[in-house]
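Asks:
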Amino acid sequence: MAKLTRIEAVLPAADAERAEAFLAVYCAHGWEEAPAGDDVLFRLHLDDPAAAEGLLLALHAAFPAVRVARQEVEREDWATAWKEFFTPVLAGERFVVLPPWLAHEVPAGRIPILIEPKTAFGTGHHATTALCLTALDRLESRGHLHRKLTFLDLGTGSGILGLACCLLGLGGMGVDVDPLAVANARENKRLNKVGDAFAVGVGSVAGLARTRFGLILANILASPLKVMAPQVVRRLDRHGSLVLSGILAEQADAVTEAYTAQGLPRPEVMTRDEWVALVWPPRI
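Heads up, the sequence shown is in the numbering used here, so the first residue is 3 and it goes up one at a time.
1. From A220 to P51, what distance separates their C-alpha atoms?
2. I'd like the span of the beta strand (DSSP E) that includes I162, first residue to last.
3. Looking only at C-alpha atoms, which of I249, P14, L238 sits nearest to W282?
4. So, is A122 buried or exposed, given that buried needs 16 or more other C-beta atoms within 10 angstroms?
5. For Y300, I'd like the list of residues in its chain whose CB is within less than 6 angstroms of its CB, leaving aside the five on either flank, ordered along the chain.
6. Flag this pair as touching only if the segment 128-139 and the segment 271-278 have three or more C-beta atom pairs under 8 angstroms; answer yes or no.
7. Please list, in chain order, all residues of the same chain as A67 whose beta carbon is under 6 angstroms from its beta carbon, the five residues on each side excluded.
8. Based on Cα-Cα distance, which residue from V207, A38, L43 lies nearest to L25?
9. Only counting the same chain, and skipping five residues up and downstream in sequence, which positions put a Cβ closer than 6 angstroms to that of A93?
10. Under 8 angstroms between the Cβ atoms of L2 and I115?
11. Under the rule that 16 or more other beta-carbon atoms within 10 Å means buried, what is T7, buried or exposed?
12. Measure from the alpha carbon of C29 to the alpha carbon of each residue in A53, A64, P102, then state which is nearest.
13. Grab me the residues of W33's own chain with a C-beta within less than 7 angstroms of its C-beta, minus the 5 sequence neighbours each way, in chain order.
14. If you draw a straight line from the alpha carbon of L217 to that of G39, how long is it in whole angstroms?
15. What first and last residue would you give for the alpha helix (DSSP H) that runs through S143?
16. Using the Cβ count rule (16 or more neighbours within 10 Å means buried), how would you classify D155?
17. Per DSSP, E74 forms a beta bridge with which residues?
18. Please report the distance separating the alpha-carbon of T258 from that of P101.
19. In terms of DSSP beta bridges, what is E118 paired with?
20. According to the neighbour-count rule (16 or more other Cβ atoms, all chains shown, within 10 Å of its Cβ), is P292 buried or exposed?
21. Can we say the segment 189-207 touches the segment 239-254, given the rule of at least three CB pairs closer than 8 angstroms?
22. Classify S143 as buried or exposed, calling it buried when 16 or more other Cβ atoms lie within 10 Å of its own Cβ.
23. Between the Cα of A166 and those of L223, Q253, L182, L141, spot the shortest distance and give me the residue it belongs to.
24. Let's see if you can read the secondary structure: which residues bound the alpha helix (DSSP H) around E107?
25. Pull up the CB-CB distance for V292 and E10, whole angstroms please, since I reckon it's below 8 angstroms.
26. Label V202 either buried or exposed according to how many other C-beta atoms from any shown protein chain fall within 10 Å of its C-beta, with 16 as the threshold for buried.
27. Is the separation between the beta-carbon of P339 and that of S243 shorter than 8 angstroms?
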């Protein structure tokens with residue numbers, strides 16, 4: 003059976019926030035985090051040995067005092083571990099992200115988004131995903147998301163944001179440059195029974211036809227969001243809504259400037275921990 007590399011890194015609690023920001027870049031699919039006395043333990047799994055080596059080098063360079071343990075584990079053990087620590091993710095007033103084995107535990111009044119955890123894609127636990135889902139919830143509550151609106155989930159990953167749109171009654175598409183991410187998003191489409199409402203494919207905003215969307219969501223990272231600003235704004239309907247995240251608080255001004263330079267007004271800013279989501283409601 004194929005093996006996974008398990009890395010356990012112990013850092014002082016004072017470094018926890020900086021470590022979370024570091025892992026969001028190098029291990030965006032997620033990790034376990036638990037107190038360890040006066041320290042914090044970060045546990046993560048990677049299925050690419052080269053990626054594991056690169057992460058370890060970067061980890062030691064960024065945190066010289068880190069204590070690291072590494073071992074090879076069976077893929078089956080990793081799946082079992084997910085079941086032991088996976089907890090539902092509440093986002094906004096209406097969403098909850100769950101794995102299939104917790105589908106019977108949906109809190110009253112919540113819309114369940116079922117996600118099959120994988121080693122390379124998000125499970126909804128990261129703050130930026132919760133920010134995007136909360137932004138989507140607020141746009142719906144304000145009456146900005148009508149049923150004829152078409153959405154684009156840019157960098158769809160596991161498909162969480164696109165699925166949330168479909169579960170609100172919208173239709174649209176998700177694209178990702180990683181074929182494995184697209185396969186995972188399609189698996190989650192089947193779990194959530196959204197059918198043809200959510201078209202998923204390999205690609206990026208640059209490869210899209212000249213289509214405009216009434217809602218664009220992009221939970222990526224600050225650097226690509228800045229580079230893609232002209233293309234994203236060209237794809238946004240004149241009266242559409244835009245939600246961007248994957249942005250650290252200190253990066254928010256630079257991302258905002260990239261989009262206001264394309265003619266957008268200043269966005270609403272949502273924060274959670276050290277992360278930010280930028281939200282442009284429809285322009286009336």
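C-beta: ideal position from N, C-alpha, C; glycine also. Owing to the predicted nature of the structure, the values given are computational and were not obtained by experimental measurement.
Replies: Let me spell this out:
1. Looking up residue 220 in the sequence shown gives position 218. Looking up residue 51 in the sequence shown gives position 49. Each residue's CA atom was taken as its position, placing A220 and P51 some 29 angstroms apart.
2. For the purposes of this step, residue 162 is taken as residue 160 along the sequence shown, with counting starting at 1. Taken as a continuous stretch (DSSP letters only), I162 belongs to no beta strand (DSSP E), being part of the alpha helix (DSSP H) at 162-169.
3. Start at 1 with the first residue of the sequence shown, and residue 282 comes out as number 280. From the listed residues I249, P14, L238, the smallest Cα separation to W282 is found for L238.
4. If you number the sequence shown from 1, residue 122 lands on position 120. Because the pLDDT at A122 is just 45, under 50, the model does not fix this residue reliably, and the value given afterwards should be weighed accordingly. Counting Cβ neighbours within 10 Å, A122 comes out buried, since at least 16 surround it.
5. With the chain covering only 3 through 286, there is no way to say anything about residue 300.
6. Touching, yes, given that three or more Cβ pairs across the two stretches are closer than 8 angstroms.
7. For the purposes of this step, residue 67 is taken as the residue at position 65 of the sequence shown. Same-chain partners within the cutoff: there are none.
8. Counting from one through the sequence shown, the residue named residue 25 turns up at place 23. Out of V207, A38, L43, L43 has the C-alpha closest to the C-alpha of L25.
9. Along the sequence shown, one-based indexing puts residue 93 at 91. Excluding the 5 residues flanking it on each side, A93 has same chain C-beta neighbours closer than 6 angstroms at A132, L135, T136, in chain order.
10. Nothing about residue 2 can be reported from this structure: the residues present for the chain run from 3 to 286 only.
11. Within the sequence shown, residue 7 is the residue found at index 5, counting from 1. With 16 or more other Cβ atoms within 10 Å, it is buried.
12. Residue 29 sits at position 27 when you count from the first residue of the sequence shown. Ranked by Cα distance from C29, the first of A53, A64, P102 is A53.
13. By 1-based counting over the sequence shown, the position of residue 33 is 31. Its chain contains L25, F44, R45, L46 as the residues whose beta carbon lies nearer than 7 angstroms to that of W33, once the 5 sequence neighbours on both sides are disregarded; these appear in chain order.
14. Within the sequence shown, numbered from 1, the residue matching residue 217 stands at position 215. Within the sequence shown, numbered from 1, the residue matching residue 39 stands at position 37. Looking at the two C-alpha atoms, the distance is approximately 45 angstroms.
15. Within the sequence shown, the letter at position 141 stands for residue 143. Under the DSSP assignment, S143 falls in the alpha helix (DSSP H) whose first and last residues are 129-143.
16. One-based indexing of the sequence shown puts residue 155 at position 153. So D155 counts as buried.
17. Here residue 74 refers to the residue found at position 72 when the sequence shown is read from its first residue. According to DSSP, residue pairing for E74 in a beta bridge involves T7.
18. Within the sequence shown, the letter at position 256 stands for residue 258. Within the sequence shown, the letter at position 99 stands for residue 101. Approximately 34 angstroms, taken between the alpha carbons.
19. Here residue 118 is taken as the residue at index 116 of the sequence shown, counted from 1. According to DSSP, E118 bridges with nothing at all.
20. Since the first and last residues shown for the chain are 3 and 286, residue 292 lies out of range.
21. Contact between the segment 189-207 and the segment 239-254 is absent, because fewer than three Cβ pairs lie under 8 angstroms.
22. Your numbering for residue 143 matches position 141 in the sequence shown. So S143 counts as exposed.
23. Here residue 166 is taken as the residue at index 164 of the sequence shown, counted from 1. Nearest of L223, Q253, L182, L141 to A166, Cα basis: L141.
24. On the sequence shown, residue 107 is found 105 positions in, with the first residue counted as 1. Element bounds for E107: n/a, residue is neither H nor E.
25. The chain is shown from 3 up to 286; residue 292 falls before or after that span and cannot be answered.
26. Indexing the sequence shown from 1 puts residue 202 at position 200. Label assigned to V202: buried.
27. Beyond the ends of the chain as shown, which are 3 and 286, falls residue 339; an answer cannot be given.
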